[in-house]
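Numbering (our numbering), first residue to last: 275 to 851. Virtual Cβ for every residue (Gly too), placed ideally from N, Cα, C. Written out below as structure tokens is the structure these notes cover.
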């Protein structure tokens, strides 16, 4: 087997295979190579020794780290896995319902195989795409996954590379596409050895060292990122990637890394004959990310739309602290425009922010959600909306999201108002690093008025257990009813195409006191997260396709109790049964 590694600034590189060192030969472009007879046997351990230091470092492009991020890499044969998804043709994003989950807390087992046992729940719910939080290798056993340092190796405690392939294969067998959350904007604080090999790093951001995307040696660094992305899509049969915090990618090149990635993913999609999706998380409120390249954009397929979340959160919870004040009373405006901050003043930032969304862009390019891992987990106690908001009002929020022109996303457990919080946790073995993370977390929230004792210890295994879903809640009152509402809303979205219509230029939102009226073709979605309301419709109401208890049609109006919703056909559009 030929071992190769990029180490342009080193004078000597050796590869240690099963404990024996072999000299490598310098080649073009800073690459080193060595042929080691028999080294290609699956299960063979190897690592690299730089400049005779004696310290063995894992392969930056490792596919398998069975002993953690500090241990040797292990040879892995992608062709050895017995896939059963040859008939899988993929799922495009338009019309999708996305479900975000974290493998470690989705089930008490916390593994890929345990998650497979719950996939039928997602199928029954009506989900089309499963978005999996990062599964790349990070130090420790438990964590969110955003502290990864070896991006091509699957976290061993979850089940390693074969375990992830079994999960993807099982999803495809059920008609579920898989989106994988990947982190290219920084590396974690433990096991980030890339800079020992070459000029991978340039500067840092709030989370750690950033990548060198536009300086000397950047071509190979960019190749490292793009090849990693293509590997997930090709070798693991993943259907798309969610790109974490792309606003933190510092790239002044004429062709931004995101555009380069979009071009190569589109090419791979054509070769594989199935749709591949790139979804960005961005704090920029810039629709250029999802604008076609021929129109001057980057050509990504979608992005998270946090402004939609913020407006919904304020309307449902009444919370106006932190970055929420600007969103008070702005739900209708934000639903119409996607971004509230669209070249307008942001009090949280103390400056103007964002750019307007062209209504000719299809709404499916923006993900809408009531909750996600960030908006729950980055609260001091990780409390969900269900901790303070009754399930009936959560159902109103679900109706708005699932009947909107945007791509709806559900955070695991949201569909039954899970009582479990989702808290920040990690498990760094280094005691000094663990204490630094623990102290930093408490100080951060202490500045916002929280007592140290109120902030969960992220290193305590009990924090992980508290954050793990309790599936038996599905049978309990309140939880059971909300789950039924989610199922019925998704079923209705699929059976009435106007509810999934992504045309922002055809989408109208009207305010009627505490209620909103969403115009969805001939249908009207009336959502009332406030007190009892009587809403006059612009058409004579006909059939109630789906409604909360107590909703009544009165003449040309709909009477809604507090915390209720209704999906109504106009009389002329009613369908015979």
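Could you give the DSSP three-state label for residue i: helix, strand or coil?
i           : result
residue 847 : Confidence in residue 847 is poor, its pLDDT being 49 and thus under 50, which makes the residue's placement unreliable; the coordinate value appears in the next sentence. Residue 847: helix per DSSP, three-state reduction.
residue 280 : strand
residue 681 : strand
residue 380 : helix
residue 299 : strand
residue 712 : helix
residue 418 : coil
residue 832 : strand
residue 817 : strand
residue 750 : coil
residue 803 : coil
residue 732 : coil
residue 412 : coil
residue 237 : With the chain covering 275 to 851 only, the question about residue 237 has no answer from this structure.
residue 838 : strand
residue 399 : helix
residue 347 : strand
residue 494 : helix
residue 484 : strand
residue 604 : coil
residue 475 : strand
residue 512 : coil
Give me the Cα-Cα distance between residue i and residue j, rounded to the nearest whole angstrom.
i           : j           : result
residue 600 : residue 390 : 41 angstroms
residue 617 : residue 629 : 5 angstroms
residue 296 : residue 321 : 11 angstroms
residue 844 : residue 815 : 4 angstroms
residue 851 : residue 813 : Residue placement at residue 851 cannot be trusted, given a pLDDT of 47 that sits under 50; what the coordinates show is reported in the next sentence. Answer to the nearest angstrom: the Cα atoms are 21 angstroms apart.
residue 848 : residue 811 : In this predicted model, residue 848 has a pLDDT of only 47, less than 50, meaning its place in the structure is not dependable; the value taken from the coordinates is given anyway. Rounded to whole angstroms, residue 848 to residue 811 spans 15 angstroms at the Cα level.
residue 632 : residue 779 : 9 angstroms
residue 402 : residue 379 : 21 angstroms
residue 652 : residue 731 : 13 angstroms
residue 750 : residue 694 : 14 angstroms
residue 480 : residue 349 : 34 angstroms
residue 394 : residue 504 : 28 angstroms
residue 404 : residue 450 : 7 angstroms
residue 625 : residue 287 : 50 angstroms
residue 597 : residue 717 : 19 angstroms
residue 569 : residue 497 : 25 angstroms
residue 747 : residue 329 : 50 angstroms
residue 613 : residue 671 : 18 angstroms
residue 417 : residue 347 : 21 angstroms
residue 457 : residue 515 : 10 angstroms
residue 822 : residue 761 : 14 angstroms
residue 688 : residue 285 : 54 angstroms
Roughly how far, in whole angstroms, is the beta-carbon of residue i from the beta-carbon of residue j, given that I think they are within contact range, below 8 angstroms?
i           : j           : result
residue 691 : residue 668 : 6 angstroms
residue 485 : residue 527 : Contact flag wrong, Cβ pair sits at about 12 angstroms.
residue 553 : residue 453 : 7 angstroms
residue 642 : residue 801 : 13 angstroms between Cβ atoms; not a contact.
residue 636 : residue 835 : Contact doesn't hold; Cβ gap of about 35 angstroms is too wide.
residue 819 : residue 841 : 4 angstroms
residue 740 : residue 697 : 6 angstroms
residue 543 : residue 550 : 4 angstroms
residue 581 : residue 615 : 6 angstroms
residue 500 : residue 535 : 6 angstroms
residue 276 : residue 292 : So it is not a contact: roughly 16 angstroms between Cβ atoms.
With distance defined between alpha-carbon atoms, name the residue in the options nearest to residue i.
i           : options               : result
residue 611 : 328, 736, 829 and 781 : 781
residue 738 : 414, 303 and 639      : 414
residue 301 : 283, 316, 294 and 293 : 283
residue 289 : 324, 640, 574 and 387 : 324
residue 638 : 824, 369 and 281      : 369
residue 685 : 615, 373, 412 and 338 : 373
residue 439 : 482, 455, 354 and 702 : 354
residue 774 : 530, 682, 579 and 535 : 682
residue 647 : 742, 604, 357 and 709 : 742
residue 829 : 809, 706 and 386      : 809
residue 727 : 608, 764, 744 and 654 : 654
residue 359 : 445, 392 and 398      : 445
residue 474 : 678, 315, 826 and 492 : 492
residue 437 : 388, 466, 456 and 457 : 388
residue 546 : 573, 510, 516 and 566 : 510
Check your understanding: Just checking, does the stretch 301-311 make contact with the stretch 427-434 on the three C-beta pairs under 8 angstroms criterion?
Key -> no
Point to revise | the stretch 320-334 / the stretch 350-365 touching (three or more Cβ pairs under 8 angstroms) | key: no
Practice item. Tell me, please, whether the stretch 419-429 touches the stretch 453-470 by the rule of three or more beta-carbon pairs shorter than 8 angstroms. Key: yes
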